[in-house]
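Worksheet: one structure, shown below.
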Amino acid sequence: MSQPLPSPSVGPPVFDDAFRARLGDLFAWRRDVRRFRGDPVDEAVLRTCLDLAALAPSVGNSQPWRFVRVADASRRAAVAASFERCNAAARATYADERGALYARLKLAGLHEAPLHLAVFCDGATEAGHGLGRATMPEMLRYSVAACIHAFWLAARAHGLGIGWVSILEPAAVTEALDVPAAWTLVAYLCVGHPVEEHADPELVRHGWQDRCPEAVHLHER
């Protein structure tokens, strides 16, 4: 069941060791899901996850994220066709064993996921009055990425899986979804209940790439 958002009138919570341990589990068990069950996503749960995601930080409090539910079959087909074109082109860039491994990977759940969400950055938003992005206008897109991660964690906490499909043509997806010209595609998300749960990422499990120790190295200057 979905949970109500905390009331702003309530005092600050106490995050104890038990909460931090559970939060660590949430981060550790977040997965990029490609294998979904077909049962629908509960609308109340979706709304709760979107409400939680909207609490994400954004430059100048601009909140530039725009979520689009893609339910129309023809629009979904156009997105899937874009994936097939891009996936074939990407596969051709790998040779020998790496190419064979790429061909075996499942890289999207476009046909299985019951819910598709395209997430855009509204580059024309007046919210925030331009604060914080005069020298780094890309901060608008970074803000959207932060919102997506918040949505991802909220969805995981509610038993949902998310798959971020990046093997796409942004212009083709934008045209297929008929959104305002000032909107820039940041993510195309497949959402649903996962078929299976794994502690390790799929690309680790199938031998594509292990976790990099350099990713957690703290550089000092």
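Take the sequence shown: its letters are residues 0 to 220, numbered as in numbering that gives the first Met the number 0.
Just so it is clear, CB atoms sit at the ideal spot from N, CA and C, and this is done for glycine as well.
For residue j and residue i, the rounded distance between their alpha carbons
i: L22; j: G158; result: 14 Å
i: P11; j: Q208; result: 41 Å
i: R103; j: H192; result: 23 Å
i: P63; j: D95; result: 43 Å
i: E174; j: Y93; result: 29 Å
i: T98; j: A88; result: In the sequence as presented, Thr is not what sits at residue 98; that position holds Gly. So the alpha carbons of these two residues sit roughly 12 Å apart.
i: E201; j: D15; result: 32 Å
i: A149; j: S61; result: 16 Å
i: C211; j: V203; result: 11 Å
i: M0; j: D38; result: Its pLDDT being 48, under 50, M0 is placed unreliably by the model, and the measurement read from it follows with that caveat. Taking the straight line joining both Cα atoms gives about 15 Å.
i: V40; j: F18; result: 27 Å
i: A214; j: A27; result: 15 Å
i: R132; j: V13; result: 34 Å
i: E125; j: L176; result: 23 Å
i: A171; j: A156; result: 32 Å
i: I147; j: R220; result: 31 Å
i: C48; j: T134; result: 32 Å
Span of the beta strand (DSSP E), counted from its first residue to its last, around residue i
i: E66; result: The question names Glu, but residue 66 in the sequence shown is Phe. Where F66 is concerned, the enclosing beta strand (DSSP E) stretches over W64 to R68.
i: I161; result: G160 to W163
Supposed contact pair residue j and residue i - C-beta distance, whole angstroms, cut 8 Å
i: S57; j: S142; result: 4 Å
i: L51; j: A117; result: Actually they are not in contact, since the Cβ atoms of L51 and A117 sit about 19 Å apart, beyond 8 Å.
i: V78; j: Y187; result: 7 Å
i: A123; j: A53; result: Not really, about 19 Å apart at Cβ, beyond 8 Å.
i: L152; j: L25; result: 6 Å
i: V67; j: F119; result: 7 Å
i: R30; j: H197; result: 7 Å
Among the options, nearest to residue i - alpha-carbon criterion
i: E111; options: G127, R90, F35 and A99; result: F35
i: R84; options: G59, A94 and P169; result: P169
i: L251; options: L130, A145, C48 and R74; result: The structure shown does not extend to residue 251, since the chain is modelled only from 0 through 220, so no value can be given for it.
i: Y251; options: N86, V69 and W182; result: Outside the shown range of the chain, which is 0 to 220, sits residue 251, and nothing can be said about it.
i: E137; options: P39, C189, D121 and L152; result: D121
i: A43; options: A154, G162, V178 and V215; result: A154
i: E195; options: C48, I161 and G59; result: I161
i: D71; options: F119, P113, T134 and G129; result: P113
i: L106; options: L130, E219, H216 and H205; result: H205
i: R222; options: R33, V190 and I166; result: A question about residue 222 goes unanswered here, because the residues of the chain that appear run from 0 up to 220.
i: A55; options: L139, D199 and C189; result: L139
i: G129; options: G59, R65 and A76; result: G59
Identity of the residues DSSP links to residue i by a beta bridge
i: H115; result: C189
i: D121; result: W182
i: D31; result: I161
Endpoints, the alpha helix (DSSP H) within which residue i is located
i: N86; result: A72 to R90
i: W151; result: M138 to A156
i: G98; result: D95 to R103
i: F18; result: D16 to A27
i: D50; result: E42 to A52
i: A170; result: P169 to L176
i: E201; result: E201 to R204
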